[in-house]
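As given, the protein sequences belong to chains A and B, one line each in that order.
Residue numbering for the first sequence follows this note's numbering, starting at 1 and increasing by one per position.
Residue numbering for the second sequence follows this note's numbering, starting at 1001 and increasing by one per position.
Working notes, beginning with the structure itself.
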Amino acid sequence: MNNNENQTKADFVELGFMDARYKLIDVAAFLDRTQRAGQADDYRVRELKKAITCLDADNPERAKQVLLSLSDPSEEPIAIAPGKGAAGAWEGSASS
Amino acid sequence: MVSRTTDDYVKLVQAGCEAVCEPAFWAGFDRSSAKGFFDYFSQLTKYEPARAAKFGLPHYCWICLNPKESEDIKLAEDVLEIIPDFLDSPTCLGVGEIGLNKNSKNELEILERHIEIAAGRDELILVHTPHLEDKLKGTKLIVDAILNQPSIRPERVIIDHVEEHTISIPRDKGFWVGMTLYPESKCTPQRAADMLEVHGTERIWMNSACDWGISNPLAVPEAAFELKRRGETREMIDKVLYRNPRAFLSQCPKFKL
Chain A
1 MNNNENQTKA
11 DFVELGFMDA
21 RYKLIDVAAF
31 LDRTQRAGQA
41 DDYRVRELKK
51 AITCLDADNP
61 ERAKQVLLSL
71 SDPSEEPIAI
81 APGKGAAGAW
91 EGSASS
Chain B
1001 MVSRTTDDYV
1011 KLVQAGCEAV
1021 CEPAFWAGFD
1031 RSSAKGFFDY
1041 FSQLTKYEPA
1051 RAAKFGLPHY
1061 CWICLNPKES
1071 EDIKLAEDVL
1081 EIIPDFLDSP
1091 TCLGVGEIGL
1101 NKNSKNELEI
1111 LERHIEIAAG
1121 RDELILVHTP
1131 HLEDKLKGTK
1141 LIVDAILNQP
1151 SIRPERVIID
1161 HVEEHTISIP
1171 RDKGFWVGMT
1181 LYPESKCTPQ
1191 RAADMLEVHG
1201 TERIWMNSAC
1211 DWGISNPLAV
1221 PEAAFELKRR
1231 GETREMIDKV
1241 LYRNPRAFLS
1251 QCPKFKL
C-alpha cells in the first residue's frame, strides 16, 4: 500500500538537496583521503565503491540495493561469533 | 533507560511520551555471571519503574539474555533459568529483545530456547535483528526460527531494527516491524518516513534508541516532525506514533494506557 496518494507532496528537493549534496561530497572526500593514504584496497572501501554503483539505477530502490550490496549474502549460521561488532561491509567467506 | 540520566525521563514527558518500554540489552561489556543478570533484571523491573513514576511516566520492560551475550552457552543457560521469575513481574511485557548478533550457531540455539520459553507462557516477543552487514541474513534466520514454533502467532511478535532491505521479510509473514531511530549509522527519521511512504502504516512502529551509545531519546518526536513537514496527516502520524504501539502492546494484559 502506498501511503502518499492523498497527501500534498512536499518539495523534497528544496528540503533535502543541500543535505544530500554535502553527504555526497563527504563520500568523495573520504575516497580521495583513503586513496592518498594508500588504504583504497581495504575491503570496506572496495565494497563502498561497489555499492555506489547502485545509485545509478533507474528504479526508486537505491537505498535497498545499497544495503543489499553491503550485506552478507550467505544463509547458514557461522560456527562461532568472531566478536560482537559489525564492520558495515561483508568481507566475504574468509570472515565466516 | 538504565544507561540514561533522569533528565531524559523529563524530556520524554515534556515531549508528550505516554509510556516507556525498555528491552533487556547488552551493557557494553559482558556480565561475568548470572548474578549480574539478576541485578540487571531487578533494575529493569523494580528501580526503573519507580524512577520513571516520579514523572508520571509508566515504565514497562522486556526480559531476556541479549544475543550479544549468548555465545557462552553455560552462562546463557544459567540466565535462562532465572528469566521466568522476572517475566512474572507486573511491568514485564514479554521476552525481548531476543534475536541474533553475528548469526552464530550458539546464538541461534539460545534464540530457540527463548522462543520455547515465550511459547510455553504465551508471551509477546520483541526481536533484535543484527546490525549492518549481518542484518539481512540474521533477519531471515530469525523469521524462520520463530515460524518453526507453530504455537507462536506472528501478530504477537515484533521484529525490530528493520531497514529498507529487510522490512518486507517479516511483514510479508504477518509479523509487526519496528524501525529503531539513531542519529547516525542506522535508520534516521528521514529514512523511517520514506519507509512509511513506501510500505504504509499497518503493523509498524518507530522507537528511539536510548542506550549507552550515541542515541537520542527524542528521535521519535523528530520523526513526527519529519512526517508533518512532508505533509502527512495528523491521523497518520497518530497511528504510527501512538495507536500502533498501543495496539501491539495491549495484547499483553499488563499493558495499560
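Beta carbons are placed, not taken as given, at the ideal position from N, Cα and C, and that holds for glycine.
If the cut is a Cβ gap below 9 Å, which residues of chain A does residue i touch?
i: His1128/B; result: By Cβ distance, chain A contributes nothing, its closest Cβ being about 13 Å from His1128/B, past 9 Å.
i: Ser1246/B; result: Reading off the sequence shown, one finds Arg at residue 1246/B, where the question assumed Ser. Within 9 Å Cβ-Cβ: nothing; Arg1246/B doesn't reach chain A, min ~20 Å.
i: Arg1229/B; result: Ala10, Leu15
i: Met1184/B; result: Here residue 1184/B turns out to be Glu, not Met, going by the sequence shown. Within 9 Å Cβ-Cβ: nothing; Glu1184/B doesn't reach chain A, min ~12 Å.
i: Leu1111/B; result: The contacting residues do not exist; Leu1111/B stays about 10 Å from chain A at best.
i: Arg1191/B; result: Ala63
How about residue i and residue j: do their beta carbons lie closer than 8 Å?
i: Glu1164/B; j: Lys64/A; result: yes
i: Ser74/A; j: Lys1137/B; result: yes
i: Leu70/A; j: Gly88/A; result: yes
i: Leu1124/B; j: Gly1094/B; result: yes
i: Phe1037/B; j: Val1079/B; result: yes
i: Gly1231/B; j: Ala10/A; result: yes
i: Arg1203/B; j: Val1240/B; result: no
i: Ala1076/B; j: Ile1110/B; result: yes
i: Ile1249/B; j: Val1220/B; result: Here residue 1249/B is Leu; the residue named in the question, Ile, does not match the sequence. Cβ atoms of Leu1249/B and Val1220/B: not closer than 8 Å.
i: Tyr1009/B; j: Ala1052/B; result: yes
i: Lys1135/B; j: Pro1154/B; result: no
i: Gly1257/B; j: Glu1018/B; result: Note on residue identity: the sequence assigns Leu, not Gly, to residue 1257/B. Yes, they are a contact pair.
i: Ala86/A; j: Glu1133/B; result: yes
i: Ile1082/B; j: Ala1034/B; result: yes
i: Lys1254/B; j: Pro1090/B; result: yes
i: Gln1251/B; j: Arg1191/B; result: no
Report the residue from the options whose alpha carbon sits nearest the alpha carbon of residue i.
i: Pro77/A; options: Asp1072/B, Thr1166/B, Pro1084/B, Leu1100/B; result: Leu1100/B
i: Arg46/A; options: Asp56/A, Asn59/A, Asp58/A, Phe30/A; result: Phe30/A
i: Ile80/A; options: Ser1070/B, Leu1087/B, Leu1075/B; result: Ser1070/B
i: Trp1205/B; options: Thr1006/B, Thr1005/B, Arg1004/B, Cys1021/B; result: Cys1021/B
i: Gly92/A; options: Tyr43/A, Arg21/A, Val13/A; result: Tyr43/A
i: Lys1054/B; options: Leu1012/B, Ser1215/B, Ala1024/B; result: Leu1012/B
i: Ala1024/B; options: Thr1233/B, Pro1154/B, Pro1245/B, Asp1211/B; result: Asp1211/B
i: Met1195/B; options: Arg62/A, Arg36/A, Trp90/A; result: Arg62/A
i: Phe1086/B; options: Arg1121/B, Glu1107/B, Leu1108/B, Ser1104/B; result: Arg1121/B
i: Thr1188/B; options: Lys1254/B, Ile1214/B, Ser1168/B; result: Ile1214/B
i: Leu1218/B; options: Gln1251/B, Cys1252/B, Arg1243/B, Pro1183/B; result: Pro1183/B
i: Ser1104/B; options: Ile1083/B, Ile1073/B, Asp1088/B; result: Ile1073/B
i: Gly1200/B; options: Ser1168/B, Asn1216/B, Arg1229/B; result: Ser1168/B
i: Ser1208/B; options: Met1179/B, Arg1004/B, Ala1193/B; result: Met1179/B
i: Thr1139/B; options: Leu1257/B, Glu1107/B, Pro1170/B, Lys1256/B; result: Pro1170/B
i: Thr1005/B; options: Cys1252/B, Thr1233/B, Asn1216/B, Glu1235/B; result: Asn1216/B
i: Pro82/A; options: Tyr1242/B, Lys1254/B, Lys1068/B; result: Lys1068/B
i: Thr1233/B; options: Ala1193/B, Arg1246/B, Pro1245/B, Ala1247/B; result: Ala1193/B
I need the DSSP call for residue i, collapsed to helix, strand or coil.
i: Tyr22/A; result: helix
i: Tyr1060/B; result: strand
i: Glu1097/B; result: strand
i: Gly16/A; result: helix
i: Cys1210/B; result: coil
i: Glu1069/B; result: helix
i: Ala94/A; result: Caution applies to Ala94/A, whose pLDDT of 45 falls short of 50 and renders its modelled position unreliable; the value that the coordinates give is listed next. It is helical.
i: Leu1241/B; result: helix
i: Ser1089/B; result: coil
i: Pro82/A; result: coil
i: Ile1167/B; result: coil
i: His1199/B; result: helix
i: Leu1257/B; result: coil
i: His1259/B; result: Here chain B covers residues 1001 to 1257 and nothing more, so residue 1259/B does not appear.
i: Thr1006/B; result: helix
i: Gly1178/B; result: strand
i: Met1/A; result: Because the pLDDT of Met1/A is 44, which lies under 50, any placement of that residue in the model is unreliable, and the number read from its coordinates should be weighed accordingly. Note: Met1/A maps to coil in three-state DSSP.
i: Ile1152/B; result: coil
i: Leu1124/B; result: strand
i: Cys1187/B; result: strand
i: Glu76/A; result: coil
List the residues of chain B that residue i touches, going by C-beta distances under 9 Å, in chain order.
i: Ala86/A; result: Asn1101, Lys1102, Pro1130, His1131, Leu1132, Glu1133, Asp1134, Lys1135
i: Leu55/A; result: Ordered by position in chain B, no residue passes the 9 Å Cβ test against Leu55/A, which lies about 14 Å from the chain.
i: Ala89/A; result: Leu1132, Glu1133
i: Leu48/A; result: Those within 9 Å of Leu48/A in chain B number zero; the least Cβ separation is about 12 Å.
Name, please, each residue of chain B whose Cβ falls closer than 8 Å to the Cβ of residue i.
i: Ile80/A; result: Glu1071, Ser1104, Lys1105, Asn1106
i: Asp72/A; result: Asn1103, Glu1133, Asp1134, Leu1136, Lys1137
i: Leu68/A; result: Leu1136, His1165
List the residues of chain A that residue i touches, going by C-beta distances under 7 Å, in chain order.
i: Lys1256/B; result: Per Cβ cutoff of 7 Å: no residues; Lys1256/B is ~30 Å from chain A at best.
i: Leu1141/B; result: Pro77
Which chain B residues sit within Cβ distance under 7 Å of residue i?
i: Lys64/A; result: Glu1164, His1165
i: Leu31/A; result: Result: empty, since nearest Cβ-Cβ is about 19 Å, beyond 7 Å.
Cβ of residue i within 7 Å of any heavy atom in the ligand FMN?
i: Ala20/A; result: The ligand FMN is not part of this structure, which contains no ligands at all.
ask   = Quick one: any contact between the stretch 1208 to 1225 of chain B and the stretch 1053 to 1069 of chain B, if contact means 3 or more CB pairs under 8 Å?
value = No, because fewer than three Cβ pairs between the stretch 1208 to 1225 of chain B and the stretch 1053 to 1069 of chain B fall closer than 8 Å, the two stretches do not touch.
ask   = Would you call the stretch 1102 to 1115 of chain B and the stretch 1043 to 1050 of chain B touching, i.e. three or more CB-CB distances under 8 Å?
value = When C-beta atoms of the stretch 1102 to 1115 of chain B are compared with those of the stretch 1043 to 1050 of chain B, fewer than three pairs fall below 8 Å, so the two segments do not count as touching.
task = Below 7 Å between beta carbons is the criterion; list the residues of the stretch 1066 to 1085 of chain B that meet it against any residue of chain C, in chain order.
result = Of the protein chains in this structure, namely A and B, none is chain C.
ask   = Can you find at least 3 beta carbon pairs, one from the stretch 1116 to 1131 of chain B and one from the stretch 1149 to 1165 of chain B, that sit closer than 8 Å?
value = Yes: at least three Cβ pairs fall under 8 Å.
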